[in-house]
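Asker: Per the numbering used here, residue 369 is the first one in the sequence shown, and the count goes up by one each step.
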Amino acid sequence: MVKLAVQLKATLEGLTDLKPIGDNFNWLFKVRCSGCREEHPNWMGIDATETRDISGSRGEANLVWRCQLCKKESNVSFDESFKRSSAAYTAEDSEEQRFATLAVLECRGCELTEFDPKAGAGVSIMEVETRISRA
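Put into structure tokens, the structure is as follows:
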């Protein structure tokens, strides 16, 4: 299992903060299979309020995905120990040009390679830099 942090750095002009709207925010990622390294061609949405059953297990995950090439099943879950409700990129973060963590995800059998911060955002974002790093 790998824990990845979604971090954001942006220049906020005339804004006090930037954060996902609600728990049902649709986080969009590019996903790559850890087994065969095949990347899914489309953006995949992950909603923290939706869970799916993991086949062959009693567990659940926010995203359950089967690779089309090697047929391996992978899953991604939001780390419940990280408080997403208070996560935001603030004007202070912007002034000091530092990254802020917006979410932490647990990945099993797959890698999150890209994040689309503009999907469903409540404001227009001109310039933003994101990174996904090990938590």
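Cβ coordinates follow ideal geometry from the N, Cα and C atoms, glycine included.
#1: With a floor of 4 residues, list each alpha helix (DSSP H) that falls wholly inside the stretch 440 to 501, ordered by position along the chain.
#2: Assuming contact is defined by CB atoms lying nearer than 9 Å, are GLY427 and ASP421 in contact in what I supplied?
#3: Does DSSP put ALA416 in a helix, in a strand, or in coil?
#4: Report the three-state DSSP secondary structure of GLU407 (helix, strand or coil).
#5: Can you tell me the Cβ-Cβ gap for LEU470 and LEU372, rounded? I've got them flagged as a contact below 8 Å.
#6: From PHE483, GLU460 and THR481, pick the residue whose C-alpha is nearest to that of GLU381; which is it?
Answerer: Reading it off the structure:
#1: Scanning the stretch 440 to 501 for uninterrupted alpha helix (DSSP H) segments of 4 residues or longer gives 459 to 463, listed from N- to C-terminal end.
#2: In the sequence shown, the residue the question calls residue 427 occupies position 59. In the sequence shown, the residue the question calls residue 421 occupies position 53. The answer is yes: Cβ separation under 9 Å.
#3: Locating residue 416 in the sequence shown gives position 48, where the first residue counts as 1. DSSP places ALA416 in coil when its eight states are reduced to three.
#4: Along the sequence shown, read from residue 1 onward, the residue named residue 407 stands at position 39. Three-state result, GLU407: strand.
#5: If you number the sequence shown from 1, residue 470 lands on position 102. If you number the sequence shown from 1, residue 372 lands on position 4. Not really, about 12 Å apart at Cβ, beyond 8 Å.
#6: Working through the sequence shown from its first residue, we reach residue 381 at position 13. GLU381 has its Cα closest to that of GLU460, out of PHE483, GLU460 and THR481.
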